[in-house]
Amino acid sequence: MKIATWNINGVRARLDGAAAWLKDANADILCLQELKCEDAAFPGEAFADLGYNVATRGQKGFNGVAILSKLPLEDVSRHLSDDDGNDQARFIDAVVSVAGGALRVASLYCPNGNPTGSDRFDYKLAWMERLQAYAAAHLAAEEAFVLAGDFNIIPEPEDARFPDNWTGDALFQPESRAVFRRLVNLGLTDAIRAVEATAGSYTFWDYQAGAWQKNNGIRIDHVLLSPLAADRLTDAAIDKRTREWEKPSDHVPVVVDLAF
DNA sequence: ATGGCTGCAGGATGCAGA
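Residue numbers for the first sequence follow our numbering, beginning at 450 and rising by one.
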């Protein structure tokens, strides 16, 4: 089973590219972030025509997450724990049936948090704490699950081409790195780090200042696996090809293969 | 380069992104 995550930076602006990528990659499940549209404006029919079931949590103008799946999506939830229902559209999860049981898949768009020291930064850390509680609860239930998305955190210096450029940024603050570390240390597996030497492996290159041409990238899109999911991990890769496409997203897909 | 693009809302520029 091939599961991918992709911050597409506007699903309507990127529809052709998303469809082309799905046909080529033949992903079973694709978690999308930064839809930048309300649910009613989500181009669901285009994905249905490609054979995907669709679950979305949209928001006008920015944020927005979705799960596309060839398998039926069950038990869809659009809110993190303690979410009052009026929160930003950054979380959706669902369950699919797999051989021997069920697999929960969450599509996450963690807050950016800039500028450091602002309310936005506090919100970022608080949101990550809620995500940690979510992960802990599902670990306690011994579920097989996948946290896939744009975490907006550079975990280690090797996850940036020029780490010194990011020392003042919310994505690379000690507090941001620490909350990510605590999440992983609950017992999750960073799929990319598990299968390759991650130095030089990036998932985001800014549109500005020729960042792509200079390979001035960062690794901020991650797939974290619970132990029962990690047991099934056979491959993980970053698909840099899309960054060369016409009108690309500034993020590229991350893909994992699980032997279900 | 002190954010140098990009998408979106709205109908000009401002906001958000990372």
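Here a beta-carbon is modelled for each residue, glycine too, at the ideal position from N, C-alpha and C. Only a predicted model underlies this, so the values are computations on that prediction, with no experimental measurement involved.
Asked: For glycine 781, count neighbouring Cβ atoms within 10 angstroms of its own Cβ and tell me buried if that reaches 16, exposed if not.; Found: With the chain covering only 450 through 709, there is no way to say anything about residue 781.
Asked: Cβ of threonine 647 within 9 Å of Cβ of aspartate 613?; Found: no
Asked: How do the segment 495 to 513 and the segment 616 to 625 stand: do at least 3 beta-carbon pairs fall below 8 Å, yes or no?; Found: no
Asked: Would you kindly check if the distance between the Cβ of arginine 539 and the Cβ of valine 514 is under 9 Å?; Found: yes
Asked: Going by DSSP, what residue range makes up the alpha helix (DSSP H) through asparagine 475?; Found: Segment: none, asparagine 475 is in no alpha helix (DSSP H) and carries neither H nor E.
Asked: By DSSP, does valine 633 sit in helix, in strand, or in coil?; Found: helix
Asked: Helix, strand or coil: which one does DSSP assign to isoleucine 603?; Found: coil
Asked: Which term fits isoleucine 616, buried or exposed, when burial requires 16 or more other beta carbons within 10 angstroms of its beta carbon?; Found: The sequence given here has threonine at residue 616, not isoleucine. By the neighbour-count rule (16 or more Cβ atoms within 10 Å), threonine 616 is not buried but exposed.
Asked: Using the three-state DSSP reduction, which class does glycine 724 fall into: helix, strand or coil?; Found: Residue 724 lies beyond the residue range present for the chain, which begins at 450 and ends at 709; the question has no answer from this structure.
Asked: Quick one: residues in its chain with C-beta nearer than 8 Å to the C-beta of lysine 573, no 5 flanking neighbours on either side, listed in chain order?; Found: Cys559, Pro560, Asn561, Gly562, Asn601, Ala619, Ser625
Asked: Give me the Cα-Cα distance between glycine 459 and glutamate 693, rounded to the nearest whole angstrom.; Found: 17 Å
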